[in-house]
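One structure is given here, and the rest of the page talks about it.
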Amino acid sequence: MRYLGYIYSIYISLIKLYTIRKKYIKYYLQDTYEVKNVKTLELEPLKKKCTIVIVEKEYDEPFWEYDSILLFSRIGSPLEVIMRPTLAFKEFLWELITKHRPDFVTEELVIQGKKEFYEDNPIAEICRERNVPLYKADMDENAKAYLAASLDERKRKRDEVIKTLARLSRKKSKRIEEIEYLTAYGQYLQYELEEEIKKIDFEVREAWVAMGILKRAKKTKKEKVMGIHLSSPRHTEGVTKLLGSMGVEVIPVKFEKRAIPTPEMKFFPVKVGKSGRAPELEVVPVVKAQAKELPSILFFLDTEKHVSSFDISMAYDTGFDIVVPYGGVGPEEARTIIQDAIFSREPKGLKRSCFLIGGKTLKETEEILAVAKQTMFPPFKTSVIIDPHGAYTTAAAIAAKVEQGVKRIGMEEHGLKAVVLAGTGPVGMATSALLAKLGYEVHLTSRSEEKAKKSADEVLERWKVKVEGVKVSNQQEALEVLKDASVVVATGALGTELVSKETLEELNGKKLMVDVNAVPPPGIAGMMPNHDMEELFDEIYGIGALVVGEFKNRVEKETMIAARSAGEGIFDLEHTFWKARELLTREERKIKLAPIRVAAS
Numbered sequence: 003m004r005y006l007g008y009i010y011s012i013y014i015s016l017i018k019l020y021t022i023r024k025k026y027i028k029y030y031l032q033d034t035y036e037v038k039n040v041k042t043l044e045l046e047p048l049k050k051k052c053t054i055v056i057v058e059k060e061y062d063e064p065f066w067e068y069d070s071i072l073l074f075s076r077i078g079s080p081l082e083v084i085m086r087p088t089l090a091f092k093e094f095l096w097e098l099i100t101k102h103r104p105d106f107v108t109e110e111l112v113i114q115g116k117k118e119f120y121e122d123n124p125i126a127e128i129c130r131e132r133n134v135p136l137y138k139a140d141m142d143e144n145a146k147a148y149l150a151a152s153l154d155e156r157k158r159k160r161d162e163v164i165k166t167l168a169r170l171s172r173k174k175s176k177r178i179e180e181i182e183y184l185t186a187y188g189q190y191l192q193y194e195l196e197e198e199i200k201k202i203d204f205e206v207r208e209a210w211v212a213m214g215i216l217k218r219a220k221k222t223k224k225e226k227v228m229g230i231h232l233s234s235p236r237h238t239e240g241v242t243k244l245l246g247s248m249g250v251e252v253i254p255v256k257f258e259k260r261a262i263p264t265p266e267m268k269f270f271p272v273k274v275g276k277s278g279r280a281p282e283l284e285v286v287p288v289v290k291a292q293a294k295e296l297p298s299i300l301f302f303l304d305t306e307k308h309v310s311s312f313d314i315s316m317a318y319d320t321g322f323d324i325v326v327p328y329g330g331v332g333p334e335e336a337r338t339i340i341q342d343a344i345f346s347r348e349p350k351g352l353k354r355s356c357f358l359i360g361g362k363t364l365k366e367t368e369e370i371l372a373v374a375k376q377t378m379f380p381p382f383k384t385s386v387i388i389d390p391h392g393a394y395t396t397a398a399a400i401a402a403k404v405e406q407g408v409k410r411i412g413m414e415e416h417g418l419k420a421v422v423l424a425g426t427g428p429v430g431m432a433t434s435a436l437l438a439k440l441g442y443e444v445h446l447t448s449r450s451e452e453k454a455k456k457s458a459d460e461v462l463e464r465w466k467v468k469v470e471g472v473k474v475s476n477q478q479e480a481l482e483v484l485k486d487a488s489v490v491v492a493t494g495a496l497g498t499e500l501v502s503k504e505t506l507e508e509l510n511g512k513k514l515m516v517d518v519n520a521v522p523p524p525g526i527a528g529m530m531p532n533h534d535m536e537e538l539f540d541e542i543y544g545i546g547a548l549v550v551g552e553f554k555n556r557v558e559k560e561t562m563i564a565a566r567s568a569g570e571g572i573f574d575l576e577h578t579f580w581k582a583r584e585l586l587t588r589e590e591r592k593i594k595l596a597p598i599r600v601a602a603s
């Protein structure tokens, strides 16, 4: 029993490790597209009317060697002989192209080279005869190779475990505890490998396919574009949804094969040969009705009596069909609401439900989050967003803008001092935590030393990072704490000046200052709400409240969209910061921000 307990604890740790890793898989996948010579995966809605007829093939096109792990491991290579278009399919495609004259045809055939795709492909022959261009719409070869390399490493580790297990099993004196541990570890590695393959083979590949179709539509010099895409059955639904979300009208078409028995035959023969004649096959194209999805519901649990109308509007704008607000929610009310919500839908439908937790204080909202985590269990789990009165999305926006700003003015990124003025509120504490995680020496201030230290202790307890609580009740104390700081964030009450012009004039060296106060007077003298890296004083650069607020709104929207799409996960402060950082990185790819050059004195 002692060994079993030990093995079980290790196994649970591995599962937790996988859960954490899975949370950031999308960022890992995004990073793969930054490798040299790898195209960028980016979907953008078209500005023209576009109709795509998705014709479902009669078989799934092979993608790479890892297909065998998920699809063909029990059948093997003989399956390849039937993976080609039938005469009926080719005749239908001929008639479809002849009748509708599409602007282009696309097909997913990443496993073939250019020569095989255009010369040895029966679809290409039809397109040539009908004078319609045919294009590949599939994953970039370099991206595929990079992803395959990462899977090879996982497969290698799994195979090592399997070989070790086989060797241990052959020994007479078997070490049971080691075998049990390796079995659990091998299962974990296999599960991780399969999940990674599914992620790439479906979500990532389908996004590449959709991007290829949109690219061809965009390049077509017509206001109304009509195209045909030939899709593997397993990708039809995913590509249809992606194109639909980009404003494309999609018409899915599939084939049904119906057997027409001969009069003398009641059943299909076991073997087709002299002993019996196979039934004739009738091949019928069928326009598939789009499956109706359950409405997406956001359950908004707010600890305050009156639920924030701001967040309700934001939720509708990001695509939720229904928003159900609950005010004055405590832990017990939250438990009942969550239980009723998760058990009202079967597990797959539950993925179309989502929870948003809001409130005035961090303590109250985190208590509700803890209840949500306790109440949900596999398979009854879905996405949960926590954003107490917008504090987490605001803090994420501030920290991401700071990270970008210090690079632009040429400051070192690690070991710098950051001061969060009037930082005892939710925004101030969350911002302090993120800056500390980025490597800053953070000083959180308040007019009360006791309150500052208490907030610093709360940051340590909640986010496991150390910040220093400092008393700042006048401009002299402000000057003392700011003189060696590189980053300053003012998170005080509206209309309250925290740093005067005289104090700013006394400061030396490069500094980046952020003010979240949009009501005059500003929290930092001379700061305008629309400042975005404007030079306030010599080598002091500012980011104003409207710039922070606009970016904060975008971060909140993207977080809600991600939660609605993911169907599972906790979208907390750290996740929100990753989303903010991702947004800025995406912008920098489109518009390269030049470094701000400081004139020599």
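Note that the numbering used here has the sequence shown beginning at 3, numbered continuously upward. For every residue, glycine included, the Cβ atom is placed at its ideal position computed from N, Cα and C.
query: Please name the residue or residues paired with Met515 in a DSSP beta bridge.; result: Val490 and Gly544
query: Taking DSSP as the reference, what is the three-state secondary structure of Pro533?; result: Residue identity differs from the one stated: residue 533 is His in this sequence, not Pro. Residue state, collapsed to three classes: coil.
query: Identify, in the order they occur along the chain, each residue of the same chain with its Cβ nearer than 6 Å to the Cβ of Val250, setting aside the five sequence neighbours on each side.; result: Cys52 and Ile54
query: Whole-angstrom Cβ separation of Ala420 and Tyr394, contact assumed at under 8 Å?; result: Incorrect: roughly 18 Å between the Cβ atoms, too far for contact.
query: Looking only at its chain, what residues have a beta carbon closer than 7 Å to the beta carbon of Gly329, apart from the 5 residues adjacent to it on each side?; result: Asp304, Glu306, Lys307, His308 and Val309
query: Which same chain residues, not among the five before or five after Leu506, have their C-beta less than 8 Å away from its C-beta?; result: Ile526, Ala527, Gly528, Leu538, Phe539 and Ile542
query: Flag this pair as yes or no: are the beta carbons of Lys243 and Asp105 separated by less than 8 Å?; result: no
query: Do the CB positions of Ala424 and Ala492 come within less than 8 Å of each other?; result: yes
query: Enumerate in chain order the residues of its own chain whose CB-to-CB distance from Arg588 is below 6 Å, with the five nearest sequence positions on each side excluded.; result: none
query: Would you list the residues sitting across from Lys419 in a DSSP beta bridge?; result: Glu443
query: Taking Cβ positions, are Asp140 and Trp96 nearer each other than 8 Å?; result: no
query: To the nearest angstrom, how far is it from the Cα of Thr338 to the Cα of Phe322?; result: 22 Å
query: Applying the criterion that 16 or more other CB atoms from any shown protein chain within 10 Å of the CB defines a buried residue, is Gly427 buried or exposed?; result: buried
query: Considering only their Cβ atoms, is the gap separating Ser234 from Glu143 smaller than 8 Å?; result: no
query: Three or more C-beta pairs under 8 Å: does that hold for the segment 557-566 against the segment 371-381?; result: no
query: Can you list, in chain order, the residues of its chain with a C-beta nearer than 8 Å to that of Arg347? Leave out the 5 residues immediately preceding and following it.; result: Leu296, Arg354 and Ser355
query: With three or more beta-carbon pairs closer than 8 Å as the criterion, would you say the segment 187-194 touches the segment 121-132?; result: no
query: Contact defined as beta carbons within less than 8 Å: I believe Val404 pairs with Leu245. What is the distance between those atoms, to the nearest angstrom?; result: Val404 to Leu245, Cβ: 38 Å. No contact.
query: Does the separation of the CB atoms of Val386 and Phe345 fall below 8 Å?; result: no
query: Helix, strand or coil for Thr53 per DSSP?; result: strand
query: Closer than 6 Å by C-beta to Gly571: which residues in its own chain qualify, once you throw out the five before and the five after it? Chain order, please.; result: Ser385
query: Can you tell me where the alpha helix (DSSP H) with Thr505 in it begins and where it stops?; result: Lys503 to Glu507
query: Please give me, in chain order, every unbroken run of the alpha helix (DSSP H) with length at least 4 that falls completely inside the segment 114-160.; result: 116-121 and 124-131
query: What would DSSP say about Pro327, mapped onto helix, strand or coil?; result: strand
query: For Arg583, which three-state DSSP category applies?; result: helix
query: Does the Cβ-Cβ distance between Glu479 and Lys473 come in under 8 Å?; result: yes
query: Alpha carbon to alpha carbon, what distance is there between Val444 and Lys456?; result: 15 Å
query: Where does His577 fall in DSSP's three states?; result: helix
query: With distances taken from CA atoms, which of Ala186, Thr185, Glu196 and Pro124 is nearest Ser152?; result: Glu196
query: Give the single residue among Gly412, Trp580, Ile400 and Ala568 whose Cα lies nearest to the Cα of Asn519.; result: Ile400
query: What are the partner residues of Ser355, as DSSP defines its beta bridges?; result: Ile299
query: Quick one: is Tyr318 buried, meaning 16 or more other Cβ sit within 10 Å of its Cβ, or exposed?; result: exposed
query: Can you tell me whether Ile215 is buried or exposed? The criterion is at least 16 other CB atoms within 10 Å of its CB, across all chains shown.; result: buried
query: Would you kindly work out how many angstroms separate the C-alpha atoms of Glu198 and Val206, rounded to a whole number?; result: 10 Å
query: Where does Lys380 fall in DSSP's three states?; result: The sequence shown places Pro at residue 380, not Lys. Pro380: coil per DSSP, three-state reduction.
query: Indicate whether Pro135 and Pro87 have their beta-carbon atoms separated by less than 8 Å.; result: no
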